[in-house]
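Asks: Here it is, the structure in full.
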Amino acid sequence: MEPKIKQVDSMAANRIHNGFYGQDIISVSQFDRARLDYILGVGNEMKILVERFGSADLLQGKILANLFYEPSTRTSSSFMAAMLRLGGQVIPINNVQYSSVTKGESLPDTVRTLESYADIIVIRHPEVGSAATAAHYASKPVINAGDGVGEHPTQALLDLYTIVEALGEVGGLKVAMVGDLKFGRTVHSLTKLLVNYPVEFTFVSPEILRMPKDVLDVVAASGHRYEEREDVHEIIGDVDVLYVTRVQKERFTDLAEYDMVKDRYVVDPELMSRAKERMIIMHPLPRVNEISYAVDNDPRAAYFRQMRNGMYIRMALLAAVLGKA
Ligand code: ASP
561 MEPKIKQVDS
571 MAANRIHNGF
581 YGQDIISVSQ
591 FDRARLDYIL
601 GVGNEMKILV
611 ERFGSADLLQ
621 GKILANLFYE
631 PSTRTSSSFM
641 AAMLRLGGQV
651 IPINNVQYSS
661 VTKGESLPDT
671 VRTLESYADI
681 IVIRHPEVGS
691 AATAAHYASK
701 PVINAGDGVG
711 EHPTQALLDL
721 YTIVEALGEV
731 GGLKVAMVGD
741 LKFGRTVHSL
751 TKLLVNYPVE
761 FTFVSPEILR
771 MPKDVLDVVA
781 ASGHRYEERE
791 DVHEIIGDVD
801 VLYVTRVQKE
811 RFTDLAEYDM
821 VKDRYVVDPE
831 LMSRAKERMI
841 IMHPLPRVNE
851 ISYAVDNDPR
861 AAYFRQMRNG
871 MYIRMALLAA
881 VLGKA
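Last residue of the sequence shown? That's 885 in the working numbering, and every number before it is there in order.
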């Protein structure tokens, strides 16, 4: 069944239907190859637009409500920058403690409030499924900017864009994800997105932070091979993409467990000396100790480019959902 088109702009509704128009973006499972190609292509156009002109007036008159119940630097500010660079405006609620949430207002009521003022809502919330709940109550489109340990679909799209930009194509790559695979929502989304391509997966983590079974099931069901390892040294020489994650301290109930695993993996020049010449190191950021600063100037370090690409991909998503791509 075609998902319901939400209220965006009746004029645009008559003109444009690119498959994103008026849709919520909740999970990477909404994306097939055609939709991925489309968003990556528009993301590229947005990059060129920003490099040449800085901004455009594509979303002039549109308002984004940026609702963050969890800390964020990149996702929140790149969504804001994306909207501003396309000529729109933003209601930033980056600190819900100063909103009526502190007075006990529910998520559905908060969403109903914001959609009375805005055309689209971006939400980050600590509970898995919260973005879907928000989308259920909203008559305006909702974009998931991270629902607890669940998903982070816009991060996965910018990760994919970065891989294609750096390595030309995704098919045939060996992708290793390292660190906190249990609580890291970015690796959950990226894995589920990459099953659209013929890649080989290696999941490297301590035993207590292994990739959740539901994600491994998606990989297996799609016919992909994967390996699980504990030692990054064993695989570093063979990978095209090393996707490093932060151990998610805020998700641990026992901090002694966190202390045991927090510095298990550190990418440093010694490790990089064993890596292929043509490969990339990625990280959704923020990093704590997982990548030493001495690696930052290595041409294989893609994490700052990855972060910049977030704005282009979020520009593409906002334009597509609001019917202006
Ligand atoms: N910024 C990413 C996220 O929100 C990764 C992280 O926090 O470690 O999931």
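All residues carry an ideal CB built from backbone N, CA and C; glycine is no exception.
These numbers were taken from a predicted model, which means no experiment stands behind them.
By Cβ distance, which residues of its chain are closer than 6 Å to valine 656, with the 5 residues on each side in sequence left out?
Replies: Result list for valine 656: Tyr629, in chain order.
Asks: At a threshold of 7 Å, does threonine 751 count as lining the ligand ASP (C-beta to nearest heavy atom)?
Replies: Not so, every heavy atom of the ligand ASP lies at least 7 Å from the Cβ.
Asks: Quick one: give me the first and last residue of the beta strand (DSSP E) that alanine 705 is part of.
Replies: Note, alanine 705: beta strand (DSSP E), 702-707.
Asks: To which residues does DSSP link arginine 684 through a beta bridge?
Replies: For arginine 684, which the question treats as bridged, DSSP gives the partners Phe628.
Asks: Which one or two residues does DSSP pair with proline 652 in a beta bridge?
Replies: Bridge partners of proline 652: Asn626.
Asks: In angstroms, rounded to a whole number, what distance separates the CA positions of leucine 646 and alanine 695?
Replies: Taking the straight line joining both Cα atoms gives about 24 Å.
Asks: Express the C-alpha separation of methionine 867 and arginine 634 in angstroms, rounding to a whole number.
Replies: Straight-line Cα distance between these residues: approximately 7 Å.
Asks: Please determine, among Gly739, Asn704, Lys836, Phe639, the residue with the shortest C-alpha to C-alpha distance to valine 671.
Replies: The shortest C-alpha separation from valine 671 is found at Asn704.
Asks: Looking at the secondary structure, which residues open and close the alpha helix (DSSP H) in which valine 778 lies?
Replies: 773-781 is the extent of the alpha helix (DSSP H) around valine 778.
Asks: Look up glutamate 764 in the DSSP assignment and give the residues it is bridged to.
Replies: The residue asked about is misnamed: residue 764 is valine in this sequence, not glutamate. In DSSP, valine 764 forms a bridge with Val738, Arg789.
Asks: With a cut-off of 8 Å on the beta carbons, I'd call arginine 741 and arginine 770 a contact; round off their distance for me.
Replies: With the sequence shown as reference, residue 741 is identified as leucine, and arginine is not the correct amino acid for it. Right, their Cβ atoms sit about 6 Å apart.
Asks: Is it the case that the Cβ atoms of valine 738 and leucine 831 are separated by a distance below 8 Å?
Replies: The answer is no: Cβ separation not under 8 Å.
Asks: Please classify arginine 662 as buried or exposed, where buried requires at least 16 neighbouring CB atoms within 10 angstroms.
Replies: Correcting the residue type first, residue 662 is threonine in the shown sequence and not arginine. So threonine 662 counts as exposed.
Asks: Specify, as a first and last residue, the run of the beta strand (DSSP E) that methionine 842 falls within.
Replies: Taken as a continuous stretch (DSSP letters only), the beta strand (DSSP E) holding methionine 842 covers 840-842.
Asks: Below 8 Å, how does it come out for the stretch 684-699 and the stretch 714-722: are there three or more Cβ pairs, yes or no?
Replies: Verdict: no, contact absent.
Asks: Buried or exposed for glutamine 620, going by 16 or more other Cβ atoms inside 10 Å?
Replies: By the 10 Å Cβ count, glutamine 620 comes out exposed.
Asks: Could you please go through the chain and list the residues whose beta-carbon is closer than 7 Å to any non-hydrogen atom of the ligand ASP?
Replies: Output, sorted by chain position: Ser632, Arg634, Thr635, Gly706, His712, Gln715, Gly744, Arg745, Thr746, Thr805, Arg806, Gln808, Pro844, Leu845, Pro846.
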